[in-house]
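Down below is the structure, laid out as structure tokens.
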Amino acid sequence: MSIGPLDEETVEKYRNAGEVLRTVMDESAEMIEPGVTHLEVAEYAEERICELADGCAFPANISINEEASHASPGRNDDTEFGEDMVCLDLGVHIDGYIADSAVTVDLSGNDELVESAEEALDAALDMVEAGAHTGKIGAEIEDVIRGYGYTPVLNLSGHGVEQWDAHTDPTIPNRGADRGVELEVGDVVAIEPFATDGTGKVTEGSKNEIYSLVNDRSVRDRMSRKLLDEIREEYKLLPFAGRWFDGGRSEMAIRRLVQQGVLRSYPVLKEEDGAMVGQAEHTVIVTEDGYVNLTE
């Protein structure tokens, strides 16, 4: 079926991406336990996505404890899960049409924090329909999380997804806001409440493993030019991991392309107080009187 401006073929691609994501999320989340490495889970998830769909919409994000986003293991990372709060955020694309979802696997004994994010997501979804105001959805998210005694992460938000672009308008805030827009039939949005026992603000850390193309222009260096051609062909505007390329010269080429403003880097985002962060996320297509959940 078509939905508003989305034709039947496009809707089917979104649905298929969501179906793959549900399968891989379930399998990957089951792997998260003490003694397993972050890299094992990330590589399993990414390989399964590439096996079942056209590719990853972004590298597997595995955020631990105070980390909220953009945490993905490096090529030789041997870090193992311990008594951690683990947020697993995965994305799938089919012909560039994206499904994005996240779950929190709690090994730390903070189950109410996780529950607050999940309940906030459910409450937000109950409000989704054409004409729903994004600021009011944010207010509902904030009310639920604060009702548990926690704080929403105020400078992270949900977002629209479009072909080959994982973060577009409209923004879905995690707090009440007078400013915002009304959702329209055919909008595809990822709603993702983040809850914390800190003050609710994230700042950039020092680690970078994720990059994307932001300024497609010619470069002089031969190695950088070769890498850029591969990025254009394989990932277009979608984020990718440095470990997806051969080490050595490719790492140098990535650094040069970042310095030249051709690539953007995504530093790990951390709760500024070092407090725990829990996350829940689904991608939905907005309909006249509700939504189609692609990732549940």
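The opening residue of the sequence shown carries number 1 in UniProt numbering; numbering runs sequentially from there.
No residue lacks a Cβ here, since even glycine has one placed at the ideal position from N, Cα and C.
Query, Result
"Euclidean distance between Cα positions of G135 and A177", "4 angstroms"
"Close-in-space but distant-in-sequence residues of the same chain around I49 (CB under 6 angstroms, 5 per side omitted)", "V24, C56 and V92"
"Q259, buried or exposed, once every other Cβ within 10 Å from all chains shown has been counted against 16", "exposed"
"Three-way DSSP call (helix, strand, coil) for H38 in this model", "helix"
"R146 in three-state terms, based on DSSP", "helix"
"Distance between L90 and T283 (C-alpha atoms, nearest Å)", "11 angstroms"
"Contacts around I145, its chain only, beta-carbon distance under 6 angstroms, and the 5 residues preceding and following it disregarded", "S116, A120, P152 and A195"
"Distance between A45 and H38 (C-alpha atoms, nearest Å)", "11 angstroms"
"Close-in-space but distant-in-sequence residues of the same chain around E83 (CB under 8 angstroms, 5 per side omitted)", "P34, L107, S108 and G109"
"Close-in-space but distant-in-sequence residues of the same chain around M1 (CB under 8 angstroms, 5 per side omitted)", "E8 and V11"
"Integer Cβ distance of L263 from A166, believed to fall under 8 angstroms", "Not a contact, Cβ separation roughly 16 angstroms."
"Where R175 falls, given that 16 or more other Cβ within 10 Å makes a residue buried", "buried"
"Whether L156 touches D100 by CB criterion (9 angstroms)", "no"
"Through-space distance from E230 to R220, alpha-carbon basis", "16 angstroms"
"Cutoff 8 angstroms; reference I32; Cβ partners in own chain excluding five residues on either side", "V41, F81, V86, L88, V105 and L107"
"For S72, the nearest candidate out of M223, A130, I210 and V188 (CA to CA)", "I210"
"G147 versus R15 - alpha carbon distance", "33 angstroms"
"Integer Cβ distance of A124 from E140, believed to fall under 8 angstroms", "6 angstroms"
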